[in-house]
Amino acid sequence: MTCTTETLVAAVRGLAGVVAEHRTELIDLDRAIGDADHGENLNRGFTAVLSALDSSTPDSPSAMLKLVATTLISKVGGASGPLLGTAFLRAATATAGQSELDGAAVAAALKAALDGVVARGKAEVGDKTMVDVLAPAVQAATEAAGESVAAVLAAAASAAEQGAESTIPLVARKGRASYLGERSAGHLDPGARSTALLLRSLANSAGAR
Amino acid sequence: MTVGLVIVSHSAKLAEGVAELAQQMAPEVLIAPAGGTADGELGTDYDRVCAALDRVDRGGGVVLLYDLGSAQMIAELAVEGHSGAGEAFVVEAPLVEGAVAAAVAAQSGADIDGVSRAASSAAEAPVDFVVDDKPTAYRAEMVLHNEVGLHARPAALLARAMGGLRAEVAVRHGEQQADARSVLALMGLAARDGDTIEVVASGPDAREAIARVQALVERGFEE
Numbered sequence: 001m002t003c004t005t006e007t008l009v010a011a012v013r014g015l016a017g018v019v020a021e022h023r024t025e026l027i028d029l030d031r032a033i034g035d036a037d038h039g040e041n042l043n044r045g046f047t048a049v050l051s052a053l054d055s056s057t058p059d060s061p062s063a064m065l066k067l068v069a070t071t072l073i074s075k076v077g078g079a080s081g082p083l084l085g086t087a088f089l090r091a092a093t094a095t096a097g098q099s100e101l102d103g104a105a106v107a108a109a110l111k112a113a114l115d116g117v118v119a120r121g122k123a124e125v126g127d128k129t130m131v132d133v134l135a136p137a138v139q140a141a142t143e144a145a146g147e148s149v150a151a152v153l154a155a156a157a158s159a160a161e162q163g164a165e166s167t168i169p170l171v172a173r174k175g176r177a178s179y180l181g182e183r184s185a186g187h188l189d190p191g192a193r194s195t196a197l198l199l200r201s202l203a204n205s206a207g208a209r
Numbered sequence: 001m002t003v004g005l006v007i008v009s010h011s012a013k014l015a016e017g018v019a020e021l022a023q024q025m026a027p028e029v030l031i032a033p034a035g036g037t038a039d040g041e042l043g044t045d046y047d048r049v050c051a052a053l054d055r056v057d058r059g060g061g062v063v064l065l066y067d068l069g070s071a072q073m074i075a076e077l078a079v080e081g082h083s084g085a086g087e088a089f090v091v092e093a094p095l096v097e098g099a100v101a102a103a104v105a106a107q108s109g110a111d112i113d114g115v116s117r118a119a120s121s122a123a124e125a126p127v128d129f130v131v132d133d134k135p136t137a138y139r140a141e142m143v144l145h146n147e148v149g150l151h152a153r154p155a156a157l158l159a160r161a162m163g164g165l166r167a168e169v170a171v172r173h174g175e176q177q178a179d180a181r182s183v184l185a186l187m188g189l190a191a192r193d194g195d196t197i198e199v200v201a202s203g204p205d206a207r208e209a210i211a212r213v214q215a216l217v218e219r220g221f222e223e
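Here the protein sequences come in this chain order: L and W. Under UniProt numbering, the first residue of the first sequence is numbered 1, with each subsequent residue one higher. Under UniProt numbering, the first residue of the second sequence is numbered 1, with each subsequent residue one higher.
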């Protein structure tokens, strides 16, 4: 089973739903070690993505990913906007020219997204950021790249959830939480949590077909 | 074609203030503030930065300076998405000093590499520039007789006067020595009204360089 423009549009609508559903949870996580706006910012961004989809119809998976990227960059703000925007932008570039994505293409797009986030935010694994989620997700996706899109995303989502949990004991070394130093330990990183939620949502959309 | 500048800040007031200060020292350079969000809050706004970038891009390139954290990421994204006439660079520099140094370099006709270098070197120690002190270098002593000495605006005038000259020019004051092209280094000399400065120049346009400094000093930097 491959991923077409239509299935990707449906999956992106699913992302918006998940973000709205977890808005309060993300706000609460961010209140503990940040400035309590992560859920609100992400929800504003994905609500804007839904509006953008009402007025324009992407003609390829790459165009869909680029629309998400530019909307999130403009609407989310903070560090999450440029970081998530970069992730979607690099995924759009990696999938340019393909009308359907197979498992290998999805794994390659995830790898491009991770590389973009690392280049933009200069975070490494262990810094208590979304990189702690994306890095293991990409590794799992790459190992499953020969399989279906659903299998690749399922592997990525499971690794992502473990990656998010792994941020709990960490001391933040990047972003706003790093201002707290040792006091950031013992909390789930909100950016790690939202990234894992997004990957699980993509996996659920792919698996439901 | 003059290099343009964009000042990216979380605060609209901060961006406007930095642009105002740099503009005073470089009146002909296009400097666009891009601060705050569209709804007047603190934050950096991608669309504002892109619009500012387009506004100051006249083909000579654009240098972007930023204040904190996500402002750098937004500036980098704007540059990656930019398809204007000239190149665009995000430089790592102290915002105020970097903007002033970049503006003066742009006003003096430096290209985008020169303007970027001026901004990023603004964090370095401003004095102790070493000019080739060979016997053939031209030198002249002069006494400052303007009220503020080599303060911001006069220093900017002096640095700009060196634009286009093929010469290494140093200004000495007491034990300290500054690159005549660096407005920050000149200000760091703290030369005041009544102080004696020495100008040392070498290169094909050395004599012209000294004559230009002399003319500015004699006119009291047009105060």
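Beta carbons: idealized from backbone N, C-alpha and C, even for Gly.
Review point. Relative to chain L, which residues along the region 58 to 78 of chain W have a C-beta separation below 8 angstroms, given in chain order?
Key: Gly69, Ser70, Met73, Ile74, Glu76 and Leu77
Point to revise | glycine 39(L) versus glycine 77(L): straight-line alpha-carbon distance, rounded | key: Working through the first sequence from its first residue, we reach residue 39(L) at position 39. Working through the first sequence from its first residue, we reach residue 77(L) at position 77. Each residue's Cα considered, the two are about 12 angstroms apart.
Check your understanding: Do we get a CB-CB distance below 9 angstroms when we pair glutamate 92(W) with the residues of chain L?
Key -> The count along the second sequence starts at 1 and reaches residue 92(W) at position 92. Glutamate 92(W) does not count as touching chain L.
Review point. Got a sec: is the Cβ-Cβ distance from glycine 43(W) to anything in chain L below 9 angstroms?
Key: Residue numbering aside, residue 43(W) sits at position 43 when the second sequence is read from its first letter. Cβ-Cβ to chain L under 9 angstroms: yes for glycine 43(W).
**Study point:** Per-residue contacts from aspartate 47(W) into chain L (C-beta, under 8 angstroms)
**Key:** Position 47 of the second sequence, counting from 1, holds the residue named residue 47(W). Under the 8 angstroms cutoff, chain L gives Ser74.
Check your understanding: Which residues, in chain order, does the region 36 to 59 of chain L contribute to contact with chain W at a C-beta distance below 8 angstroms?
Key -> none
**Study point:** Contact check, proline 94(W) vs alanine 122(W), beta carbons under 9 angstroms
**Key:** Here the question's residue 94(W) lines up with position 94 in the second sequence. Here the question's residue 122(W) lines up with position 122 in the second sequence. In this structure, alanine 122(W) lies closer than 9 angstroms to proline 94(W) by Cβ.
Exercise for review: Using alpha carbons as the reference points, say which of Ser205(L), Ala208(L), Ala157(L) and Ile168(L) lies closest to alanine 196(L).
Suggested key: As a working note, residue 196(L) is residue 196 in the first sequence. The shortest C-alpha separation from alanine 196(L) is found at Ala157(L).
Review point. Does the beta-carbon distance from alanine 85(W) to arginine 58(W) come in below 9 angstroms?
Key: Counting from 1 along the second sequence, the entry for residue 85(W) is found at position 85. Counting from 1 along the second sequence, the entry for residue 58(W) is found at position 58. The answer is yes: Cβ separation under 9 angstroms.
Check your understanding: Cα separation between leucine 165(W) and glutamate 218(W)?
Key -> Reading the second sequence from its first residue, position 165 is the one you call residue 165(W). Reading the second sequence from its first residue, position 218 is the one you call residue 218(W). Rounded to whole angstroms, leucine 165(W) to glutamate 218(W) spans 20 angstroms at the Cα level.
Practice item. Compute the Euclidean distance between the alpha carbons of residue 229(W) and methionine 162(W), then round it to the nearest angstrom. Key: Here chain W covers residues 1 to 223 and nothing more, so residue 229(W) does not appear.
Review point. Any idea what DSSP makes of glutamine 214(W), helix, strand or coil?
Key: For this step, residue 214(W) is matched to residue 214 along the second sequence. Of the three classes helix, strand and coil, the one that applies to glutamine 214(W) here is helix, per DSSP.
Check your understanding: Closer than 8 angstroms, Cβ to any Cβ of chain W: which residues of the region 118 to 139 of chain L, in chain order?
Key -> Arg120 and Gly121
Review point. DSSP three-state call for leucine 188(L): helix, strand or coil?
Key: Taking the first sequence and counting its residues from 1, the one referred to as residue 188(L) is at position 188. Looking at leucine 188(L) - three-state DSSP - the assignment turns out to be coil, as it is neither helix nor strand.
Point to revise | Length at least 3, wholly inside the UniProt domain "PTS EIIA type-4" (2 to 127) of chain W: the beta strand (DSSP E) runs in chain order | key: 4 to 9, 31 to 35, 62 to 66 and 88 to 90
Point to revise | DSSP state of methionine 162(W) mapped onto helix, strand, coil | key: Taking the first residue of the second sequence as 1, we reach residue 162(W) at position 162. Coil.
Check your understanding: Can you tell which of Ile74(W), Pro27(W), Ser116(W) and Arg139(W) has the C-alpha that lies nearest to the C-alpha of alanine 51(W)?
Key -> In the second sequence, residue 51(W) corresponds to position 51, counting from 1. Residue Ile74(W) is the option with its Cα nearest to alanine 51(W).
Review point. Between alanine 79(L) and chain W, is there a C-beta pair that is closer than 9 angstroms?
Key: To locate residue 79(L), count along the first sequence from 1; it is residue 79. It does; some Cβ of chain W falls within 9 angstroms.
Check your understanding: Using 9 angstroms as the limit for Cβ to Cβ distance, is threonine 196(W) near chain L?
Key -> Along the second sequence, one-based indexing puts residue 196(W) at 196. Answer no: the Cβ-Cβ gap between threonine 196(W) and chain L never drops below 9 angstroms.
Check your understanding: Looking at the C-beta of glycine 85(L), does it have a partner C-beta in chain W at a distance below 9 angstroms?
Key -> The residue labelled residue 85(L) in the question sits at position 85 within the first sequence. Output row for glycine 85(L): interface = yes.
Practice item. Take phenylalanine 221(W) as the anchor and find which of Val200(W), Ser202(W), Ala19(W) and His145(W) has the nearest alpha-carbon. Key: In the second sequence, counting from the first residue as 1, residue 221(W) sits at position 221. Among Val200(W), Ser202(W), Ala19(W) and His145(W), the Cα nearest to that of phenylalanine 221(W) belongs to His145(W).
Exercise for review: For serine 202(W), name the three-state secondary structure that DSSP assigns.
Suggested key: Position 202 of the second sequence, counted from the start, is the residue given in the question as residue 202(W). Three-state DSSP puts serine 202(W) in a strand.
Exercise for review: Count the CB pairs spanning the region 158 to 175 of chain L and the region 116 to 135 of chain L that are closer than 8 angstroms, and state whether there are at least three.
Suggested key: yes
Exercise for review: Work out the CA separation of arginine 117(W) and residue 225(W) for me, nearest whole Å.
Suggested key: Residue 225(W) cannot be examined here, being either before or after the span of chain W that is shown, 1 to 223.
Point to revise | Beta carbon proximity, proline 82(L) to chain W, threshold 9 angstroms | key: Against the first sequence, residue 82(L) aligns to sequence position 82. Yes, proline 82(L) counts as interfacial toward chain W.
Check your understanding: Based on the DSSP output, what are the partners of leucine 101(L) in its beta bridges?
Key -> Walking along the first sequence from the start, residue 101(L) turns up at place 101. For leucine 101(L), which the question treats as bridged, DSSP gives the partners Cys3(L).
Check your understanding: Mapping DSSP to helix, strand and coil, what is residue 213(L)?
Key -> Lying before the first or after the last residue shown, residue 213(L) is absent from chain L, which here runs from 1 to 209.
**Study point:** Reference glycine 17(W), options Leu184(W), Val100(W) and Arg139(W), closest by Cα
**Key:** The residue you call residue 17(W) lines up with position 17 of the second sequence. Out of Leu184(W), Val100(W) and Arg139(W), Val100(W) has the C-alpha closest to the C-alpha of glycine 17(W).
Check your understanding: With DSSP run on the structure shown, which of helix, strand or coil describes aspartate 179(W)?
Key -> As a working mapping, residue 179(W) is identified with position 179 in the second sequence. Correct three-state label for aspartate 179(W): strand.
Check your understanding: Any Cβ of chain L within less than 9 angstroms of the Cβ of glutamate 208(W)?
Key -> In the second sequence, residue 208(W) corresponds to position 208, counting from 1. Judged by the 9 angstroms Cβ criterion, glutamate 208(W) is not in contact with chain L.
Check your understanding: Quick one: what does DSSP say isoleucine 168(L) is sitting in, helix, strand or coil?
Key -> Counted from its first residue, the first sequence places residue 168(L) at position 168. It is coil, neither helix nor strand.
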